[in-house]
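The opening position of the sequence shown corresponds to residue 1 in the numbering used here, with each subsequent residue numbered one higher. Encoded as structure tokens, the structure appears first; notes follow it.
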Amino acid sequence: MIWACVLSGNLDRERYLELFREVAGRARVHLNENKDASLGHNFLSTLGVEVFVDIFQPVIEDEKARSALSVLRLIESLPDHALWVAFLPEVEDEQQAWSALAKGVFLATDHQSQQATDVRWLKLIFLAIIGRMMLPPDFVEELRLYPNHGDMRSVRPKIRAAEMSIRMMESGVEKPESVPQPVTEELWKELFRKTRCVPLPRESQAHDIRDELNLELSNLFDDISEHFFSQISNTHVDARCDGAFGLALYSLSLTYELANLPTQILASGRLLLRTQVELFITLAYLRMKDDLTVWSQFRVYGSGQTALAFLKTSDLTEVPDYVDMDKLEMLANEDVWMECRDIPLGAWSGKNLRKMAEEANVKDVYDRYYDWTSGFVHGHWGAIRDTVFTTCVNPLHRLHRIPYAVQPMPSVIKDCCSITNRILDELNTLYPTFKPRISAHKSDK
Ligand SMILES: [Zn+2]
1 MIWACVLSGN
11 LDRERYLELF
21 REVAGRARVH
31 LNENKDASLG
41 HNFLSTLGVE
51 VFVDIFQPVI
61 EDEKARSALS
71 VLRLIESLPD
81 HALWVAFLPE
91 VEDEQQAWSA
101 LAKGVFLATD
111 HQSQQATDVR
121 WLKLIFLAII
131 GRMMLPPDFV
141 EELRLYPNHG
151 DMRSVRPKIR
161 AAEMSIRMME
171 SGVEKPESVP
181 QPVTEELWKE
191 LFRKTRCVPL
201 PRESQAHDIR
211 DELNLELSNL
221 FDDISEHFFS
231 QISNTHVDAR
241 CDGAFGLALY
251 SLSLTYELAN
261 LPTQILASGR
271 LLLRTQVELF
281 ITLAYLRMKD
291 DLTVWSQFRV
301 YGSGQTALAF
311 LKTSDLTEVP
321 DYVDMDKLEM
331 LANEDVWMEC
341 RDIPLGAWSG
351 KNLRKMAEEA
361 NVKDVYDRYY
371 DWTSGFVHGH
381 WGAIRDTVFT
391 TCVNPLHRLH
401 RIPYAVQPMP
411 SVIKDCCSIT
421 NRILDELNTL
431 YPTFKPRISA
441 HKSDK
């Protein structure tokens, strides 16, 4: 029904409805005997040129309609292309012709729009007047006098529902064999080849780099360090103290990086947010257990992974650039000589993050952040789609996806600051009293 979409997108409503009526009426005169008839391009392609021209006579005589429809000359995959070429004027300005088509397709893309409903009405009235479709008398009256009879809030949905029911006659099992299949895929392919993509730009996002927040974060690092020294009285390995302060400082350090980099509005910011969620749930779980064996398990697992990384990297013929082997060896041997340690595998607590969050009663944070941020870490399709593709808004391209570089997203900085504050609450429970919190992210300055 592209011809009808082009008319509905480019003519006044009153005028195109009038043309629809006239075309349907003339088609009935010619095709009344043909119960397979419809007004779609695939059926029209079966007509002889004289009949076709006579049916569309009112359109041919309307200069504006003719000129808008001239774009059909450019679409060679239309099954009735040759018939349109027979009477449509040459295209003078291709760009303008494609725009007329784009306008028609755009307005009909929402299948409930006024234009789409009007085109669907045309299909219905034609089947009703050639006697192919039997409808209740009230509805027939509403269709006949459309859009000036009955309550449009119910007439329009009725039209759409009835039109859905005739799809089987167009391309489904009820389609007459003499009528060719609609050429949907070839058509979209041709439109893609002949018109350009139009990327939908992302809304710009300001990354929020503020002196006030930076100052607060760096002061906080000093405050936590000071609090750490106030809690230790000797230099032995203390898995509880190192673990609790370490998790808090690591989270703070990531927040500081985010606060200073455009990363906060990019995909990599989501990776860091996901890490902070894990830091928080881990600390909340450790605080809930508050058992020296569990604190030690956390540390031994991490050191074991460091030893494993050292051993595996040592076996490589070429060490990756980012690894400092001397440092890695030192870390791997720090608590215990590597030769004397077991290397535990699996999750350090024997539980997944969700289970830990439930036991520590912090499932709220897990539910708020875990799923979507994890997609970014693991390279799931949703995150890929969100990061490197945008929608092409050329209506002739079916809203497909096209690559788009460096797309800003809403900043993660406020969420990261809130999670870091929750981590500081845990630290305060384990090592009272620690009161400083991040507050600069809350102001809208
Ligand atoms: Zn495109």
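Virtual Cβ for every residue (Gly too), placed ideally from N, Cα, C.
{"Query": "Expressed to the nearest angstrom, what Euclidean distance is found between the alpha-carbon atoms of residue 265 and residue 46?", "Result": "56 Å"}
{"Query": "Would you say residue 255 and residue 217 are within 8 Å of each other, going by their C-beta atoms?", "Result": "yes"}
{"Query": "Over the uninterrupted beta strand (DSSP E) stretch that includes residue 56, give me the two end residues.", "Result": "First-last for residue 56: undefined, no H or E at that position."}
{"Query": "Rounded to whole angstroms, what is the Cα-Cα separation between residue 244 and residue 294?", "Result": "12 Å"}
{"Query": "Please determine whether the Cβ atom of residue 394 lies at a distance below 7 Å from any heavy atom of ligand 1.", "Result": "yes"}
{"Query": "Excluding the 5 residues flanking residue 62 on each side, which residues of the same chain have their C-beta closer than 6 Å to its C-beta?", "Result": "none"}
{"Query": "Please report the Cβ distance between residue 426 and residue 287, rounded to the nearest whole angstrom; I am assuming they are in contact, meaning their Cβ atoms lie under 8 Å.", "Result": "5 Å"}
{"Query": "Counting only the same chain and skipping the five closest in sequence on each side, list residues whose C-beta sits under 6 Å from that of residue 104.", "Result": "5, 6, 9"}
{"Query": "Specify the secondary structure class of residue 522 as computed by DSSP and reduced to three states.", "Result": "Here the chain covers residues 1 to 445 and nothing more, so residue 522 does not appear."}
{"Query": "Quick check on the burial criterion: 16 or more other C-beta atoms within 10 angstroms. Buried or exposed for residue 252?", "Result": "buried"}
{"Query": "Quick check on the burial criterion: 16 or more other C-beta atoms within 10 angstroms. Buried or exposed for residue 322?", "Result": "exposed"}
{"Query": "Between the region 32-52 and the region 169-185, can you find at least three pairs of beta-carbon atoms closer than 8 Å?", "Result": "yes"}
{"Query": "Whole angstroms is fine: what's the gap from residue 99's alpha carbon to residue 386's?", "Result": "29 Å"}
{"Query": "Does the distance from the CB of residue 365 to the CB of residue 277 come in under 8 Å?", "Result": "yes"}
{"Query": "Let me check one thing: in DSSP terms, what residues is residue 13 bridge-paired to?", "Result": "Per DSSP, none; premise fails for residue 13."}
{"Query": "For residue 390, does the three-state DSSP call read helix, strand or coil?", "Result": "strand"}
{"Query": "Considering just the uninterrupted stretch of the beta strand (DSSP E) at residue 402, what are its terminal residues?", "Result": "401-403"}
{"Query": "How do the region 77-95 and the region 20-29 stand: do at least 3 beta-carbon pairs fall below 8 Å, yes or no?", "Result": "no"}
{"Query": "Beta-carbon separation of residue 416 and residue 273 under 8 Å?", "Result": "yes"}
{"Query": "Just mark residue 314 as buried or exposed, buried being the case when its beta carbon has 16 or more other beta carbons within 10 Å.", "Result": "exposed"}
{"Query": "If I'm right that residue 150 touches residue 142 with Cβ under 8 Å, what's the distance once you round it to whole angstroms?", "Result": "4 Å"}
{"Query": "Mind checking whether the beta-carbon of residue 441 lies closer than 7 Å to any heavy atom of ligand 1?", "Result": "no"}
{"Query": "May I ask you to report which of helix, strand or coil DSSP gives residue 137?", "Result": "helix"}
{"Query": "For residue 199, which three-state DSSP category applies?", "Result": "strand"}
{"Query": "Return the chain-ordered list of same chain residues with a C-beta closer than 6 Å to the C-beta of residue 192, the five sequence neighbours on each side being excluded.", "Result": "397"}
{"Query": "Please state whether the Cβ-Cβ distance between residue 413 and residue 360 is less than 8 Å.", "Result": "no"}
{"Query": "Report back the beta-carbon spacing between residue 248 and residue 423 to the nearest angstrom; my notes put them in contact at under 8 Å.", "Result": "5 Å"}
{"Query": "I'd like to know if the region 194-209 and the region 391-411 are in contact, where contact means that at least 3 CB-CB pairs between them fall below 8 Å.", "Result": "yes"}
{"Query": "If we ignore side chains and look at the alpha-carbon of each, how far apart do residue 441 and residue 262 end up?", "Result": "16 Å"}
{"Query": "On the DSSP letters alone, give me the boundaries of the alpha helix (DSSP H) that residue 264 sits inside.", "Result": "Element bounds for residue 264: n/a, residue is neither H nor E."}
{"Query": "Under 8 Å, do residue 420 and residue 402 count as touching if we go by C-beta distance?", "Result": "no"}
{"Query": "How long is the line joining the alpha carbons of residue 448 and residue 320, rounded to whole angstroms?", "Result": "Lying before the first or after the last residue shown, residue 448 is absent from the chain, which here runs from 1 to 445."}
{"Query": "Could you have a look at residue 245 and say whether DSSP puts it in helix, strand or coil?", "Result": "helix"}
{"Query": "Do residue 325 and residue 332 have their beta-carbon atoms positioned less than 8 Å apart in this structure?", "Result": "no"}
{"Query": "Please tell me whether residue 258 and residue 269 are closer than 8 Å, where the distance is taken between their beta carbons.", "Result": "yes"}
{"Query": "For ligand 1, is there any heavy atom lying closer than 7 Å to the beta carbon of residue 402?", "Result": "yes"}
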